[in-house]
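A.B. asks: First the structure, then my questions, so here it is.
Protein chains in written order, with the working numbering: chain W, 1 to 305; chain F, 306 to 610.
What follows is the structure in structure tokens.
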């Protein structure tokens, strides 16, 4: 019957939830349900919102006590006061403007961008524990990211800072969904694997499988992608001067196929005023649960958000 | 006999100095002398340091009162306490580690990186007056920059944040002086004009002159350079989400040849969640005196540095 914080991470296909002991940071219980994006619950609210309500009830039943704080992690840009996602150009109709504190009838609810909550999770209990100046890249369908400066999330003047996937690596490249020409996202995100491989590989998983079998096209495509990631990291180091760079997201699971290539690239192109050590680059530790960790910790005010 | 702050900006060829009324920010008097880099003063100190001492005495004589604060603006990375430049990979031997407060025998001296002081100057009395989140690009021999977040200079974890010139625009490009591949500096800095034009133009000044005469090669070279600047600005907007982007430095004087091309580029490639307005891009206003303004204001603690 200890007080617990709940983190809920709304993704395109699944909604993850995890409850945490506030004193130790230990995960107490977890549950996930399908998002069922685009459908409506019997009460007329979007199915994903209703599912969040169910997950809250489930954790409270399981632990026999109300949640002391609830963090909602979701795609899009969160309002500065954390009450809602104000802008989300993707799916999840009904997410924009949904006031979660009212909807869940709970006084302490905080809404965060999903990459932001993932980085806060890594700072709280993961690979960036105890650090203050960290850059996270999330490699998935697209490429997202989050940045902390002095232990606080860097949000910029209007809340859209840290859109790492929309850095340009080619001034004359095709525009991406945010118009950025030849962006990191286009060079690396899962959504462009087919285009990058002349249609050979439908997704990064298949590309990596072929790479491990010694397929020459896979080798060529993957090398170019990791070079692009390397160039973006060079820029991020020279712009943000972080203590640590973290790689997360689904493609991050191909870490053995990323790390040695990336290291070779950075050995050549990274600015290292104090040789031979560059900025450490590590794989995120909390995997797909990072967002739940960070949302719960931020909602419980264990970390600034 | 009003109290005044002195700003001194040490450049590769000239040392500029200007004194300012602390209440109004008005410039009272200015003077400049050659840097004479590489030579030594009769007292054994580097000539440039001795010249700084002379300029201080000159302002104090002229205004009939001691300076209440002295700001030193110089290339390189300043120590966190502002006592000295700790690292400067370029010329000006003797600058690294020179403790200016001792050398000038004055209790209130602050040392700043020259791009940092230029941005603070623009915030105090120039094009960014009253703003808090600003990115400055200085276009000259190389490409430098400075960034403020919430009204404070952004320095990063080890003091080297904001090296905007060393953003990569081509993962497979040649490395620049900081190893960054295909960097903005290589695409735009004065040092590479000859290389970019097959030897036709020795400097940006000649390139711009030919451009205005309708020279086709000049048009081609300059268009590529401004496209590269545009792509870097797209990335900076998506990463830093500033209120304003300022263009300074000597090449900034070609503003009529920059602005319309840059605007066309950004109309296509800038992410504008609230159309039709992009982030405003303006020319810096204080010209070559910006560093003196910012160094004086920061030393007098009128701005955080």
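Beta carbons: idealized from backbone N, C-alpha and C, even for Gly. Predicted model, so just to flag it, every value in this text is computed and none were measured.
1) Rounded C-beta distance between residue 299(W) and residue 5(W)? I'm assuming under 8 Å.
2) Quick one: which chain F residues come within Cβ less than 8 Å of residue 112(W)?
3) Given residue 243(W), which residues of its chain have a CB within under 6 Å of its CB, disregarding the five upstream and five downstream residues?
4) Any beta-carbon of chain F closer than 9 Å to the one on residue 14(W)?
5) Can residue 458(F) and residue 415(F) be called in contact, C-beta distance under 9 Å?
6) Under 9 Å, CB to CB, which of the residues in the segment 508 to 529 of chain F have a partner in chain W?
7) Measure the alpha-carbon distance for residue 607(F) versus residue 265(W) and round it to whole angstroms.
8) Compare the C-alpha of residue 431(F) against each of 331(F), 318(F), 322(F) and name the closest.
9) Quick one: residues in its chain with C-beta nearer than 8 Å to the C-beta of residue 487(F), no 5 flanking neighbours on either side, listed in chain order?
10) Could you tell me whether the Cβ of residue 460(F) comes closer than 9 Å to any Cβ of chain W?
11) Buried or exposed for residue 460(F), please, with buried defined as at least 16 other CB atoms from any protein chain shown within 10 angstroms of its CB.
12) Please classify residue 577(F): does DSSP put it in a helix, a strand, or coil?
13) Below 7 Å CB to CB, which residues in the same chain sit around residue 326(F) once its five sequence neighbours on both sides are set aside?
14) In the DSSP assignment, find the unbroken alpha helix (DSSP H) run with residue 539(F) in it and report its ends.
15) Going by alpha carbons, who is nearest to residue 166(W) out of 158(W), 99(W), 258(W), 189(W)?
16) Apply the 10 Å Cβ neighbour rule to residue 35(W) and answer buried if 16 or more other Cβ atoms are within range, or exposed otherwise.
17) Measuring CA to CA, which of 422(F), 537(F), 364(F) is closest to residue 387(F)?
18) Any beta-carbon of chain W closer than 9 Å to the one on residue 393(F)?
19) Expressed to the nearest angstrom, what Euclidean distance is found between the alpha-carbon atoms of residue 207(W) and residue 218(W)?
20) Closer than 7 Å between beta carbons: that is the criterion. Which residues of the segment 360 to 382 of chain F meet it against chain W?
21) In this structure, does DSSP put residue 584(F) in helix, strand or coil?
22) First and last residue of the beta strand (DSSP E) that includes residue 27(W)?
23) DSSP state of residue 427(F), grouped into three classes?
24) Can you check which of these residues, 525(F), 450(F), 455(F), 510(F), is closest to residue 489(F) by C-alpha distance?
25) What would DSSP say about residue 486(F), mapped onto helix, strand or coil?
26) Listing by chain order, which chain F residues have their CB less than 9 Å from the CB of residue 268(W)?
27) For residue 71(W), which residues does DSSP report across the bridge?
28) Which value, in whole angstroms, describes the spacing of the CA atoms of residue 448(F) and residue 66(W)?
29) With respect to the alpha helix (DSSP H) encompassing residue 101(W), which residues constitute its N-terminal and C-terminal limits?
30) Would you call the segment 52 to 71 of chain W and the segment 550 to 566 of chain F touching, i.e. three or more CB-CB distances under 8 Å?
31) For chain F, is any of its Cβ atoms less than 9 Å away from the one on residue 234(W)?
32) Residue 565(F) by DSSP, collapsed to three states: which one?
33) Exposed or buried, which one is residue 321(F) when buried takes at least 16 other CB atoms within 10 Å?
34) Let's see if you can read the secondary structure: which residues bound the beta strand (DSSP E) around residue 451(F)?
35) Determine whether the beta carbon atoms of residue 85(W) and residue 98(W) lie at a separation below 9 Å.
36) First and last residue of the alpha helix (DSSP H) that includes residue 509(F)?
C.D. replies: So, from the listed chains and residues:
1) 6 Å
2) Per Cβ cutoff of 8 Å: no residues; residue 112(W) is ~16 Å from chain F at best.
3) Apart from the 5 residues on each side of it in sequence, residue 243(W) sits with its Cβ closer than 6 Å to the Cβ of 131, 133 in its chain, given in chain order.
4) no
5) No.
6) 529
7) Cα atoms of residue 607(F) and residue 265(W): separation of roughly 44 Å, rounded to the nearest angstrom.
8) 331(F)
9) These residues qualify, in order along the chain: 473, 474, 475, 476, 477, 478, 479.
10) At least one CB of chain W lies nearer than 9 Å to the CB of residue 460(F).
11) Classification for residue 460(F): buried.
12) coil
13) 307, 309, 333
14) Run containing residue 539(F): 521 to 545, per the alpha helix (DSSP H) assignment.
15) 189(W)
16) Buried.
17) 422(F)
18) no
19) So the two alpha carbons sit approximately 6 Å from each other.
20) none
21) coil
22) 27 to 34
23) helix
24) Of all alpha-carbon atoms in 525(F), 450(F), 455(F), 510(F), the one lying nearest the alpha-carbon of residue 489(F) is that of 450(F).
25) Secondary structure at residue 486(F): strand, using DSSP grouped into helix, strand and coil.
26) 480, 484, 486
27) 7(W), 110(W)
28) Approximately 56 Å between the Cα atoms of the pair.
29) 100 to 104
30) no
31) yes
32) helix
33) buried
34) 448 to 454
35) Going by C-beta atoms, residue 85(W) is nearer than 9 Å to residue 98(W).
36) 509 to 517
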